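Heads up: the sequence shown runs through residues 9 to 484, numbered per my numbering. Note sheet for the following structure.
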Amino acid sequence: MQMPDPREDILAKKDRIVARLREVLPSDAVIDDGIELKAYECDALSAYRCPPLCAVLPASTEEVSAVMKVCHDEGVPVVPRGAGTSLAGGALPTADSVILGVARLTEVLEVDYANRFIRVEAGRTNLAVTGAVEADGFFYAPDPSSQLACAIAGNIAMNSGGAHCLKYGVTTNNLLGVRMVMADGEVVEIGGAHLDAGGLDLLGLVCGSEGQLGIVTEATLRILAKPEGARPVLIGFDSNVVAGACVSDIIKTGIVPVAIEFMDRPCIEATEAFVHAGYPDCEALLIIEVEGSEAEIEDQLGRIVAIAERHNPVQIRESGSAEESARIWLGRKSAFGAMGQINDYMCLDGTIPVGELPHVLQRIAELSEHYGLRVGNVFHAGDGNMHPLILYNANEPGQLEKCEAMGADILKLCVEVGGCLTGEHGVGVEKRELMGTQYSDVDLDVQMAVKDVFDPDWILNPAKVFPLGVSAARRG
9 MQMPDPREDI
19 LAKKDRIVAR
29 LREVLPSDAV
39 IDDGIELKAY
49 ECDALSAYRC
59 PPLCAVLPAS
69 TEEVSAVMKV
79 CHDEGVPVVP
89 RGAGTSLAGG
99 ALPTADSVIL
109 GVARLTEVLE
119 VDYANRFIRV
129 EAGRTNLAVT
139 GAVEADGFFY
149 APDPSSQLAC
159 AIAGNIAMNS
169 GGAHCLKYGV
179 TTNNLLGVRM
189 VMADGEVVEI
199 GGAHLDAGGL
209 DLLGLVCGSE
219 GQLGIVTEAT
229 LRILAKPEGA
239 RPVLIGFDSN
249 VVAGACVSDI
259 IKTGIVPVAI
269 EFMDRPCIEA
279 TEAFVHAGYP
289 DCEALLIIEV
299 EGSEAEIEDQ
309 LGRIVAIAER
319 HNPVQIRESG
329 SAEESARIWL
339 GRKSAFGAMG
349 QINDYMCLDG
359 TIPVGELPHV
369 LQRIAELSEH
379 YGLRVGNVFH
389 AGDGNMHPLI
399 LYNANEPGQL
409 EKCEAMGADI
419 LKLCVEVGGC
429 LTGEHGVGVE
439 KRELMGTQYS
449 DVDLDVQMAV
459 KDVFDPDWIL
469 NPAKVFPLGV
479 SAARRG
């Protein structure tokens, strides 16, 4: 994927820019050594790489503001970076940009159980938010598979979800407020520790904006009391299409499980070899979890199992203990890593209406045959957030391009059936040239007009989200 040419004038004054950044940050917070910058030349979409001008690691909102003032003054593009787990190239640098990482912003600033919120610095990992409150019986609901590593800043940027988003919603449903540094270094507060803020919903604009509008340094998040109990059931099927039909039938009944997760044979086999979760030998499996009192759990699982039995499952296995539940979820949470053990892959995240699951899974199988590339399917089936993993050999010429073409066809398919290009990974560089598939020129112009207001010089996260052809004039 071709990145825009760097601004020669910025590269020519690199030494001065780095010197100015060292004036406002501690010496170890500015990285310009070529070897050390290797760590910042890509994110989890590692097929595309570009070393940045330099990287900075501020440790406070005030330091972020100071960095932005320097970069704004110099006209230097800034690429915000959380933990670098983006699967859409959201933190991919350009050669003339400064990477601004928030990894040192990890503190818990306030916990209020009476009003059920926690305020944290945005570099704190997703799992560590729950870690700060779980001893007192609370948790933070969004749980992306990368939650051990991913930062709240990135979760907000991409509006991340996770396995339990079917019941509890994604990041936007659990975000109450942010402290954010604007492109010129101004610090603003949006939302707060209350149910809803007056006026325009600027928080809704920020969540999912992919670092295009500002750099979030603090977040106020909704925390919830742990449920009385929870239990998953694992159901195996002899085809992807049948498993998809089962999901559709469950959702039709009005049952709202906490999660419905889908894995197909390639993912099952890779996961078994990786963590030995004890999954059955089948073409596809569902992990369905419900929660509540013991009576509620028994009632919901009974209805779900009755629906599944109409689809001739290979195996139905209800968890009988906390240890068994943990093992069932270990397999699903390890799926991406397990697939990475056997192949290079590109992970998509188009979203579709749940009723279209059987059709879309069948079409993905047909596209796999057409392109000659294997696909592993693992995704949040309950809300139709697809995660096809297209396997390819990065060392074989032409394989990446073939993978990209197949990925584009799958994402176009998602839009055609009434879905959208992304559920939680964002657009980044991966889907930017597909934005015209879902949005008209007028739609894109309105979105870019919003960016004009927040970032009139277009220095924040360049070459992302918007097709290069339509955004080039605005960036200048």
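Cβ coordinates follow ideal geometry from the N, Cα and C atoms, glycine included. All of these numbers come straight from a predicted model, not from anything done at the bench.
- The straight-line gap separating the alpha-carbon atoms of I243 and G328 is approximately 14 Å.
- Sorting C158, R124, T179, E226 by C-alpha distance to the C-alpha of F146 places R124 at the top.
- About 7 Å separates the Cβ atoms of F462 and A191, confirming a contact at the 8 Å cut-off.
- Under DSSP, C355 forms a beta bridge with L397.
- Counting C-beta pairs with one atom in each stretch, the region 128 to 140 and the region 104 to 115 have three or more that are closer than 8 Å, which means they touch.
- Looking at the DSSP output, Q323 shares a beta bridge with G244.
- A residue is called buried once 16 or more other Cβ atoms fall within 10 Å of its Cβ, and L203, having fewer, is exposed.
- Between the region 264 to 280 and the region 201 to 215 there are fewer than three inter-stretch CB-CB distances shorter than 8 Å, so the stretches are not counted as touching.
- Rounded to the nearest whole angstrom, the C-alpha separation of S342 and L61 is 34 Å.
- The three-state reading of DSSP puts A63 in strand, counting E and B together.
- In terms of Cα proximity to K77, the closest of I276, V189, S68 is V189.
- About 4 Å separates the Cβ atoms of C275 and G384, confirming a contact at the 8 Å cut-off.
- For A267, no alpha helix (DSSP H) run applies; the uninterrupted beta strand (DSSP E) run containing it begins and ends at 267 to 272, by DSSP.
- Scanning its chain for C-beta atoms nearer than 7 Å, with the 5 sequence neighbours on each side dropped, one finds around M347 the residues C275, A278, Y353, G384, L397, in chain order.
- Less than 8 Å separates the beta-carbon of V186 from that of G199.
- Judged by DSSP secondary structure, M76 falls within the alpha helix (DSSP H) whose first and last residues are 69 to 82.
- Under the three-state reduction of DSSP, E44 is assigned to helix.
- Between the region 430 to 448 and the region 95 to 112 there are three or more C-beta pairs closer than 8 Å, enough to call the two in contact.
- In the three-state reduction of the DSSP assignment, M456 falls in the helix class.
- Judged by beta-carbon spacing, H80 lies beyond the 8 Å limit of E269, meaning their Cβ atoms are not closer than that value.
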